[in-house]
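Below is one structure, written out as structure tokens; the observations come after it.
In the working numbering, the protein residues as written are 17 to 287.
Here it is as structure tokens:
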């Protein structure tokens, strides 16, 4: 392709055009994520008792991107700018196997192989700094802890997050890296929270907010089905309860990730 010859803003310098691109790409209250105009729509991987779908999305101007076919300089410039600045990765994981048969190291190795192959065809993914990761815990057995008590459900989201974000450049991770993690527990698991802190290990899961290294911002949330009973204070171990308050978001919003109503348990740091 030759150099684009048509101009939308012939008198604007590059700095001013970048401000326009930033304004067009910043989401507001009514913005809807889309993958229109991106070189990658989605990738789905099935490995080690799980299904993982990776979808890059943006909140930018579809109209401006569409002008690339009419040879407008700004449209091509905006496309390049968008890939490097305002794309986020939405990652959805369904873990449906058996807890005692799930080997984290095997999952990590398989997923890393998939991601490295994806990087070769889509090198721009290393510049994505925002990850929105949703994990649905839907294993076939109800047991939340291995027979030898070496792992709990609280360990898995952290390990998966580290693997799923490995493409992010280290410098970018420290400067702009943002990870939003949501763990969804089906009814048969969330009901156990009031009976066993050890099996769920909410201390393990919640502590990641403070201990996961390298990211500028890291948020973890726990969601249970909308009809689940209200949370009890004993869901949270004393070491966490002294620092976090348990709040419930009661709005009956439908989480489209897994196509059913959920409510969010929000652990807000006290003080």
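In this text, a Cβ means the ideal position worked out from N, Cα and C, and glycines have one as well.
Spatially closest choice to residue 65 from 116, 59, 106, 102, by CA coordinates: 116
Supposed contact pair residue 47 and residue 75 - C-beta distance, whole angstroms, cut 8 angstroms: 5 angstroms
With 16 other Cβ atoms within 10 Å as the buried cut-off, status of residue 102: buried
contact_flag[the segment 130-148, the segment 87-95] where n(CB pairs < 8 angstroms) is 3 or more: Contact fails: fewer than three Cβ-Cβ distances are below 8 angstroms.
Buried versus exposed, by CB contacts within 10 Å (16 or more), residue 155: buried
Residue nearest to residue 137 in terms of C-alpha spacing, selected from 56, 30, 40, 32: Distances from the alpha-carbon of residue 137 to those of 56, 30, 40, 32 put 56 closest.
Pick from 77, 190, 195 that is closest to residue 174, judged by C-alpha positions: 195
The segment 96-115 contacting the segment 141-156, beta-carbon criterion three pairs below 8 angstroms: yes
Residue from 147, 61, 231 whose Cα sits closest to the Cα of residue 125: Comparing Cα positions, the closest option is 61.
CA-to-CA distance, residue 33 to residue 77, given in whole angstroms: 14 angstroms
Distance CB(residue 189)-CB(residue 177) smaller than 9 angstroms: no
7 angstroms Cβ shell around residue 24 - same chain, five flanking residues per side excluded: 88, 90
Secondary structure, alpha helix (DSSP H): runs of 4+ residues fully inside the segment 52-92: 78-82
The alpha helix (DSSP H) enclosing residue 19, as first and last residue numbers: Note, residue 19: premise wrong, no alpha helix (DSSP H); not H, not E.
Residue 186 (DSSP reduced to helix, strand or coil): helix
Short Cβ contact (9 angstroms threshold) for residue 81 with residue 52: yes
Counted within 10 angstroms of its Cβ, other Cβ atoms place residue 109 as buried (16 or more) or exposed: buried
Alpha-carbon spacing of residue 151 relative to residue 199, whole angstroms: 5 angstroms
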